[in-house]
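Here full-length UniProt numbering is used: the first residue of the sequence shown is 1, the next is one more, and so on. Here is the structure we will look at.
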Amino acid sequence: MSLAVTLSRAQEGIAAPQVMVEVHLSGGLPATNIVGLPEAAVREARDRVRVAIQNTAFEYPNRRVTVNLAPAELPKDGGRFDLSIALGILAASGQVPREKLDDCEFLGELALTGSLRSVSGVLPALLRARARGRRVVVPRENAAEAALVPDVDVRVADTLAEVCGWLRGAQELSAPIGIPSDGGANGGPDLRDVRGQLQARRALEITAVGGHHLLLVGPPGTGKTMLAERLPGILPPLSESEALETCSVLSVAGQDTDLAQWRRRPFRAPHHTASAVALVGGGSYPRPGEISLAHNGVLFLDELPEFSRHVLEVLREPMESGHIVISRAARQSTFPAQFQLVAAMNPCPCGYVGDPRQRCQCTPDQIQRYRSRISGPLLDRIDLCVEVPPVPLADLGAPRSERDEDSATVRARVLKARRQSLMRAGRPNAEISTRELERDCALGPAERRWFETALERLGLSARAYHRVLRVARTIADLDGGAALLEREHLAEALQYRRF
1 MSLAVTLSRA
11 QEGIAAPQVM
21 VEVHLSGGLP
31 ATNIVGLPEA
41 AVREARDRVR
51 VAIQNTAFEY
61 PNRRVTVNLA
71 PAELPKDGGR
81 FDLSIALGIL
91 AASGQVPREK
101 LDDCEFLGEL
111 ALTGSLRSVS
121 GVLPALLRAR
131 ARGRRVVVPR
141 ENAAEAALVP
151 DVDVRVADTL
161 AEVCGWLRGA
171 QELSAPIGIP
181 SDGGANGGPD
191 LRDVRGQLQA
201 RRALEITAVG
211 GHHLLLVGPP
221 GTGKTMLAER
231 LPGILPPLSE
241 SEALETCSVL
251 SVAGQDTDLA
261 QWRRRPFRAP
271 HHTASAVALV
281 GGGSYPRPGE
291 ISLAHNGVLF
301 LDELPEFSRH
311 VLEVLREPME
321 SGHIVISRAA
331 RQSTFPAQFQ
341 LVAAMNPCPC
351 GYVGDPRQRC
361 QCTPDQIQRY
371 RSRISGPLLD
381 RIDLCVEVPP
391 VPLADLGAPR
401 SERDEDSATV
411 RARVLKARRQ
421 SLMRAGRPNA
431 EISTRELERD
441 CALGPAERRW
451 FETALERLGL
461 SARAYHRVLR
471 VARTIADLDG
481 GAALLEREHL
491 AEALQYRRF
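Structural data, given as structure tokens:
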């Protein structure tokens, strides 16, 4: 029979739908046709595969070769199907046995020499193959990434000849060797480097416990960026499922994962000249943007008002939903975007309004226009806003005190408080639903009256009402996990709504 079927995986967002590569040999003039909605890179595979087979000392069939990539309605792009197509042709022509092809999937791009090159999106493909109980063969360049997925039979190869020898039973393919992880606890900037800024450090700790969004406002050089860069060091490490999902986004984007710290939460800091597509993702073939690359981690936007207003507005929906849907005429891709937004800005265009050491040169109208670059709906989604004043020069040279805690000490408190919210609701406080708020953020009669009066005076929205309660719940967890929210918890949460 001159028909063979091999299995591979396409790339669609962070999903990896199965593709059946059907190869049929028939009579007629020698030619190779690839059908099944292939993009240009897939159509060009016929030339790469032919030369690779010939340079691997196999015979390319002198017949009409038809390659069908099913399902036909799924667009296919990239060189990830090269290895499957080559093995299908060799199996259909009887040069390799078909038996081992049934329960195995193949990913890899072929060089003209027959060697295998790495492809993107290996991690989500392995996760889907594990669910189906199949073996997977990948290029050796993807071995370290493949080693992250447990309980899946993965084999790595350098060349097409090695894969064919394995199918014939003449040799074995090695399994990838994993790299030990530090659990995401080591490395990165330490909070002990920050002098003073007790209120900002407190807000950073609350942010880490509850998964809240944070805005730091202060003159230049007061440590806003230093504080933001140290947030990942006090966040809980990623669970295995979270880490695999985060690494899957990096894999789809074609970016490398720091395998020694793959459980550490990501920190992304795009420049303020970034476009909306760079931030949320897009393109003819949708790719993840910065908000998806920061999934389960921190997205830091320095100089927030310098970003285009249109760019900032695209953040509003994913901040609420935790994902982004990118629609194009031929396809629609969904990427995860459960990130913590940490932003920093100056209080005015020159940066020195309210600074006792520098005189501000801005008019009230200039300050208003500067701050109005950030829309009210976006600010309403930010849970904590804290001022970062200049640090006295005497404090910079003074010996470190007990208040200058390191990241490990703060992280221990964060883990303890976060554990309470996970036991209560199964998720951080920033993500609990309105119904869970009613259950977990109970107020006594006196506290409720006081809280409603404060909200009316501040003119806060219904969204702000719920966000203040979530922050107060986080503060209560840091304070020992009281069942009822106290007035001091509500008061501290309210003071972070000032802007």
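Glycine included, each C-beta is placed from N, C-alpha and C at the ideal position.
Query	Result
Find out if the Cβ-Cβ distance for the pair residue 507, Arg128 is shorter than 8 angstroms.	Outside the shown range of the chain, which is 1 to 499, sits residue 507, and nothing can be said about it.
Give me, in chain order, the residues of the same chain whose beta-carbon lies closer than 6 angstroms to that of Ser2; leave out the 5 immediate sequence neighbours on both sides.	Leu25, Ala92
How big is the Cα-Cα spacing for Phe81 and Leu107?	6 angstroms
With C-beta atoms as the reference, is Val154 less than 8 angstroms away from Leu198?	no
Do you know offhand how far His340's Cα is from Leu384's?	Note that residue 340 corresponds to Gln in the displayed sequence, not to His. Straight-line Cα distance between these residues: approximately 12 angstroms.
Quick one: grab the DSSP three-state call for Arg192.	helix
Exposed or buried, which one is Gly94 when buried takes at least 16 other CB atoms within 10 Å?	exposed
Quick check on the burial criterion: 16 or more other C-beta atoms within 10 angstroms. Buried or exposed for Met423?	exposed
For the region 1 to 64, list the beta strand (DSSP E) runs that are entirely contained and at least 3 residues long, ordered along the chain.	3 to 9, 18 to 26, 31 to 35
Flag Leu148 as yes if its beta-carbon sits less than 8 angstroms from any beta-carbon of chain B, otherwise no.	Absence of chain B from the displayed structure is noted, only one protein chain being present.
Suppose contacts are defined by Cβ-Cβ distances below 8 angstroms. Is Leu123 in contact with Leu259 by that definition?	no
Assuming Gln340 is part of the beta strand (DSSP E), what are its boundary residues?	340 to 345
What residues in its chain sit with their C-beta under 8 angstroms from that of Leu484, if we drop five residues either side in the sequence?	Ala442, Leu443, Gly444, Glu447
Using the beta-carbon count (16 or more within 10 Å), is Glu172 buried or exposed?	exposed
Only counting the same chain, and skipping five residues up and downstream in sequence, which positions put a Cβ closer than 7 angstroms to that of Ala464?	Asp380, Arg497
Just reading off the beta strand (DSSP E) that Gly104 is part of, what are its end residues?	Correcting the residue identity first, residue 104 is Cys in this sequence and not Gly. Counting along the chain, the beta strand (DSSP E) containing Cys104 begins and ends at 104 to 106.
Can you give the Cα-Cα distance for Val5 and Lys100, rounded to whole angstroms?	11 angstroms
Would you kindly report the start and end of the unbroken beta strand (DSSP E) that includes Pro139?	135 to 139
What number of angstroms, rounded off, separates the C-alpha of Pro377 from the C-alpha of Ser321?	15 angstroms
Based on the DSSP output, what are the partners of Lys76 in its beta bridges?	Pro38
Check Gln255 in the structure and name its three-state DSSP category.	coil
What residue range is occupied by the uninterrupted alpha helix (DSSP H) comprising Arg411?	407 to 425
Could you give the distance in angstroms between the alpha-carbon of Glu488 and the alpha-carbon of Arg413?	19 angstroms
In chain order, what residues of the same chain lie with their CB nearer than 6 angstroms to the CB of Glu242, ignoring the 5 residues before and after it?	Asn296
Assess, as a yes-or-no matter, whether the region 333 to 348 is touched by the region 451 to 464 under the definition of 3 or more beta carbon pairs within less than 8 angstroms.	no
What does the Cβ neighbour count give for Leu393, buried or exposed, with the cut at 16 atoms within 10 Å?	exposed
Could you give the C-beta distance for Asp477 and Ser421, rounded to a whole number, given that I count them as a contact under 8 angstroms?	6 angstroms
Given a cut-off of 8 angstroms on the beta-carbon distance, is the pair Ala474 and His212 in contact?	Note that residue 474 is Thr in the sequence shown here, rather than Ala. Yes, Cβ-Cβ distance for Thr474 and His212 is below 8 angstroms.
When you compare the CB positions of Ala294 and Pro318, do they come within less than 8 angstroms of one another, or not?	no
Kindly indicate which residue of Ala57, Arg357, Gln368 has the alpha-carbon position closest to the one of Glu162.	Ala57
Mind checking which residues open and close the beta strand (DSSP E) that includes Ile367?	Premise fails: Ile367 lies in the alpha helix (DSSP H), 364 to 371, not in any beta strand (DSSP E).
As an exercise, report each continuous alpha helix (DSSP H) stretch of at least 4 residues that is fully enclosed by the region 420 to 466, in chain order.	434 to 440, 445 to 458
Nearest to Pro236 by CA position, among Ala16, Ser433, Val311, Lys416, is which residue?	Lys416
Who are the Cβ neighbours of Gly165 in its own chain at under 7 angstroms, not counting the five residues just before and after it?	Gln171
Return the CA-CA distance between Phe451 and Glu492, expressed in angstroms with no decimal places.	12 angstroms
Below 8 angstroms on the Cβ atoms is my contact criterion, and I expect Val152 with Pro176 to pass it. Report the Cβ-Cβ distance as a whole number of Å.	Incorrect: roughly 10 angstroms between the Cβ atoms, too far for contact.
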